[in-house]
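Trainee: Have a look at this one before I ask anything.
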DNA sequence: TCTATAAGTCGTCAACTGACGACATATGTT
DNA sequence: AACATATGTCGTCAGTTGACGACTTATAGA
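Protein chains in written order, with my numbering: chain A, 1138 to 1370; chain B, 1138 to 1370.
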């Protein structure tokens, strides 16, 4: 490697100009499970920052261990990536969300706001979002089919709950239901994308944004359903 | 490279198992400008598919030329990437959008729908979106500040136009105005992201989705503004 | 204290990668 | 036909990678 494209390369490899990494002098010899957990934790941040193509040597530096040791825990880099993905991306979804969204002792708007406050907390972090994007972009079968299915289901639940509360009759087309839900979800997700991927500054606080988007969704709900019905070809 | 992580590697490098590429036997010796244009066109697709870390050799294959020839046109890979970004990502924004959005001889809803139909056509394609995402994720200064500024401006125009038509008084906080616009823009952008990045199937046609989201935005506009005012701390 | 074993490192291999000097050839002009 | 020049290729260099065999050493149980 000559010099011209150092910046690009460094970004992709995870190199830091001045070499940070912990003082590898610290304590050593962790038990297997503990070391593995530490590697996974570090790897999550590392790959989220530097992309899935970042190098194992840099990761090892970041962990304060030799590159060889990584291969005592994971047969290949891909296996490591798989485990990071499974734990950090898939692992954060909470089955309780479905139940809570359908708890009709509370008004739907309240339920949806509470859901999104929790949802944003675990999934729409810098770490999660960047990792998810890198995974989505890669051709790997790690692809977000599973997540897509979960979110689609969440959308359907949200739309049905609002319709129930507002006594609105929904169309039979479930795809349309999902798209209606995505109206809200897309807006909120995009807030997170803007914040963590586009590094936007001058951004409103999370709670306010959620409240605003949910309100808009609730108020426009009837006419959205009506509009769909009107546009049937 | 041994064998285990072939799939991952191949995805990142742009290799195709059975080696596609055009029959490089075809006609040769294009004039400078023509060849450069061909390279840029191919490079756009190539990097959109395989990421910014894909290799120059594979790109050369894809172009049907030798790797060396690439360096007759671009001093470094980074320069090539810069030019792709400038042409394909930045180059598609149309200054006329601002004027058209402010043409009050038409109803605001109509203007916004027309705008988004055009906007989706040029920016929210697979090629554009993936490239934009890769660029956003990379630490490179190629970062989307410029785009962010343009879109933010578009948002402000849209919000002001709707407010004018509906005779609604807007808050002074411009950040709030932008966030209101992002309500709509995020929802529509996210539709494209879902479609091209998450490879979602079962998706409603573009026009319908735009109409639905714009309608929801228009109907909920007053209460969104009101809600913002209510939540001032 | 001795030792088995788990925890960890060194050094290296082969393929990959950006970059480029040296060389080859098509094409139009005279 | 001869030539100048732009178009294009070959081969190679040096630094980078994922992967792994061989080796070292801390630590707990006998």
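Each residue gets a CB set at the ideal place from its N, CA and C atoms; glycine is no exception. Predicted model, so just to flag it, every value in this text is computed and none were measured.
Which word fits residue 1353(B), buried or exposed, when buried means at least 16 other C-beta atoms lie within 10 angstroms of its C-beta?
Mentor: Looking at its Cβ environment, which holds 16 or more other Cβ atoms inside 10 Å, residue 1353(B) is buried.
Trainee: Using a C-beta to C-beta distance shorter than 7 Å, which residues of chain A count as neighbours of residue 1265(B)?
Mentor: Within 7 Å Cβ-Cβ: nothing; residue 1265(B) doesn't reach chain A, min ~13 Å.
Trainee: So, with DSSP's three-state summary, where would you put residue 1335(B)?
Mentor: Looking at residue 1335(B) - three-state DSSP - the assignment turns out to be coil, as it is neither helix nor strand.
Trainee: Whole angstroms are fine: how far does the CA of residue 1198(B) sit from the CA of residue 1219(B)?
Mentor: Near 20 Å, if we compare the C-alpha coordinates of residue 1198(B) and residue 1219(B).
Trainee: List the residues of chain B that residue 1364(A) touches, going by C-beta distances under 7 Å, in chain order.
Mentor: Those within 7 Å of residue 1364(A) in chain B are 1348, 1349, 1352.
Trainee: Going along the stretch 1220-1234 of chain A in order, which residues come within less than 9 Å of chain B, judged by CB to CB distance?
Mentor: Listed by position along the chain: nothing, the set is empty.
Trainee: Would you give the residue range spanned by the alpha helix (DSSP H) that residue 1240(A) belongs to?
Mentor: Segment: none, residue 1240(A) is in no alpha helix (DSSP H) and carries neither H nor E.
Trainee: Would the beta-carbon of residue 1265(B) fall within 7 Å of that of residue 1252(B)?
Mentor: Contact: no.
Trainee: Near residue 1361(A), which residues of its chain fall below 8 Å by C-beta distance, leaving aside the five closest residues on each side in sequence?
Mentor: Cβ neighbours of residue 1361(A) beyond the five flanking positions: 1317, 1320.
Trainee: Using a 10 Å radius around the Cβ and a threshold of 16 neighbouring Cβ atoms, would you call residue 1209(A) buried or exposed?
Mentor: Its Cβ having fewer than 16 others within 10 Å, residue 1209(A) is exposed.
Trainee: The alpha helix (DSSP H) spanning residue 1176(B) covers which residue range?
Mentor: From DSSP, the alpha helix (DSSP H) with residue 1176(B) extends over 1169-1187.
Trainee: Buried or exposed: where does residue 1294(A) fall if 16 or more other Cβ atoms within 10 Å of its Cβ makes it buried?
Mentor: When all chains shown are included, residue 1294(A) counts as buried.
Trainee: Give a yes or no on whether the minimum CB-CB distance between residue 1152(A) and chain B is below 7 Å.
Mentor: The pLDDT assigned to residue 1152(A) is 48, lower than 50, so where the model puts this residue is not dependable; a value taken from the coordinates is nonetheless given after this. Not one chain B Cβ lies under 7 Å of residue 1152(A).
Trainee: Our contact map puts residue 1227(B) next to residue 1283(B) with C-beta atoms below 8 Å; I'd like the distance itself, whole angstroms only.
Mentor: Confirmed, Cβ separation roughly 6 Å.
Trainee: With 8 Å as the limit, tell me which residues of the stretch 1192-1210 of chain A have their beta carbon closer than that to any beta carbon of chain B; keep them in chain order.
Mentor: Result list empty, no residue passes.
Trainee: Consider the Cβ of residue 1360(B): report whether some Cβ of chain A lies at a distance smaller than 7 Å.
Mentor: Yes, its Cβ sits closer than 7 Å to a Cβ of chain A.
Trainee: Could you list which residues in chain A have their beta carbon closer than 7 Å to that of residue 1270(B), in chain order?
Mentor: By Cβ distance, chain A contributes 1270, 1274.
Trainee: Out of 1341(A), 1312(A), 1243(A), state which residue places its alpha-carbon closest to the alpha-carbon of residue 1337(B).
Mentor: When only C-alpha atoms are compared, the closest one is 1312(A).
Trainee: Once you ignore the five residues that flank residue 1229(B) on each side, which residues in its own chain have a CB closer than 8 Å to its CB?
Mentor: Closer than 8 Å at Cβ, skipping near neighbours: 1259, 1260, 1265.
Trainee: Scan the stretch 1187-1270 of chain A and note each continuous alpha helix (DSSP H) run of 4 residues or more that stays entirely inside, going in chain order.
Mentor: Counting only runs of 4 or more, we get 1193-1200, 1204-1210, 1214-1221, 1233-1238, 1245-1260.
Trainee: With the cut-off set at 7 Å, would you say residue 1322(A) and residue 1292(A) are in Cβ contact?
Mentor: Cβ atoms of residue 1322(A) and residue 1292(A): closer than 7 Å.
Trainee: Apart from the five residues just before and just after residue 1288(A), which ones in its own chain have a Cβ nearer than 7 Å to its Cβ?
Mentor: Result list for residue 1288(A): 1322, in chain order.
Trainee: For residue 1363(A), which of 1325(A), 1306(A), 1302(A) has the nearest alpha-carbon?
Mentor: If we check each option's Cα against that of residue 1363(A), 1306(A) comes out closest.
Trainee: I need the DSSP call for residue 1329(B), collapsed to helix, strand or coil.
Mentor: It is helical.
Trainee: Select from the stretch 1300-1328 of chain B all residues with a C-beta closer than 8 Å to any C-beta belonging to chain A, and list them in chain order.
Mentor: Listed by position along the chain: 1312, 1313, 1315, 1316, 1317, 1319, 1320, 1321, 1322, 1323, 1324, 1325, 1326, 1327, 1328.
Trainee: What does the alpha-carbon distance come out to for the pair residue 1171(A) and residue 1187(A)?
Mentor: Those two C-alpha atoms are separated by around 24 Å.
Trainee: May I have the straight-line CA-CA distance separating residue 1379(A) from residue 1242(B), to the nearest angstrom?
Mentor: Here chain A comprises residues numbered 1138 to 1370, so residue 1379(A) is not present and cannot be evaluated.
Trainee: State the Cα-Cα distance for the pair residue 1216(A) and residue 1273(A), rounded to the nearest angstrom.
Mentor: Rounded to whole angstroms, residue 1216(A) to residue 1273(A) spans 17 Å at the Cα level.
Trainee: Taking Cβ to Cβ, would you say residue 1178(A) is nearer than 7 Å to residue 1193(A)?
Mentor: No, the pair does not count as a contact, with Cβ atoms beyond the cut-off.
Trainee: Tell me which same chain residues have a C-beta within less than 7 Å of the C-beta of residue 1224(A), skipping the five on either side of it?
Mentor: Cβ within range, chain order: 1177.
Trainee: Over the uninterrupted alpha helix (DSSP H) stretch that includes residue 1275(B), give me the two end residues.
Mentor: Note, residue 1275(B): premise wrong, no alpha helix (DSSP H); not H, not E.
Trainee: Is there a Cβ of chain A sitting closer than 7 Å to that of residue 1337(B), yes or no?
Mentor: Residue 1337(B) counts as touching chain A.
Trainee: Less than 7 Å between CB atoms is the rule here; does residue 1242(B) satisfy it with respect to chain A?
Mentor: Not one chain A Cβ lies under 7 Å of residue 1242(B).
Trainee: Any C-beta of chain B sitting closer than 7 Å to the C-beta of residue 1190(A)?
Mentor: For residue 1190(A), the answer is yes, since a Cβ of chain B falls inside 7 Å of its Cβ.
Trainee: Are residue 1296(B) and residue 1357(A) touching if we call contact CB-CB under 7 Å?
Mentor: Not closer than 7 Å, so no.
Trainee: Roughly how many whole angstroms lie between the Cα atoms of residue 1269(B) and residue 1344(A)?
Mentor: Using only the alpha carbons, I get a separation of about 28 Å.
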